[in-house]
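In terms of my numbering, the sequence shown is residues 3 to 120.
Virtual Cβ for every residue (Gly too), placed ideally from N, Cα, C.
From a predicted model like this one, the values you see are computed outputs, not experimental measurements.
Accompanying notes for the structure given below.
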Amino acid sequence: MTFWETITGSDLTREYKAFEARAAVLPSDFRAAWDEIKEHLMPYGDFSGRNLMPILDSALGLLEETSADGQTIYQVVGDDIVGFSAALAGGEGARGYRDRWRDQLNRNVAKKLARLGG
């Protein structure tokens, strides 16, 4: 990966398109689950989404393997795709980008208030 690819995110675009090409050959119920997993994982991503790429790759690999084994999507993810996605991201209570930004804002405000008060 070159510096330019890192800055522009073209490496992420290329990798994401490869994921979508892999997902296109999945059965329809697995594709639908893939779309839901992506949607529910996005809040756990950082600004660029770079931290989600290994998670998405693993999730897609799981879907590919289990569909090849003849399992149903419910045997893989169960009825709770939101919970499955949260578990992939680090479990229930995993910090999303809103949590990180809120903490950063609170730290910055506390610093400003400390300067004013002291």
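Buried is the label assigned to Y46, since at least 16 other Cβ atoms lie within 10 Å of its Cβ. The Cβ atoms of L28 and S69 sit closer than 7 Å to each other. Assignment of T4 by DSSP, reduced to helix, strand and coil, places it in the coil class. The DSSP-derived three-state label of T68 is helix. Here DSSP, grouped into helix, strand and coil, assigns Q77 to helix. Taking C-beta atoms as the reference points, A25 and W36 count as a pair closer than 7 Å. One Cα belongs to A88, the other to D101, and the distance between them is close to 15 Å. Taking a C-beta distance under 7 Å as the contact criterion, I75 and F5 do not qualify as a contact pair. Pairing A61 with L90 gives a Cβ-Cβ distance under 7 Å. In the three-state reduction of the DSSP assignment, L28 falls in the coil class, being assigned neither a helical nor a strand state. Residue burial annotation: L58 is buried, with at least 16 other C-beta atoms found within 10 angstroms of its C-beta. Rounded to whole angstroms, E66 and D48 show a C-alpha spacing of 26 Å.
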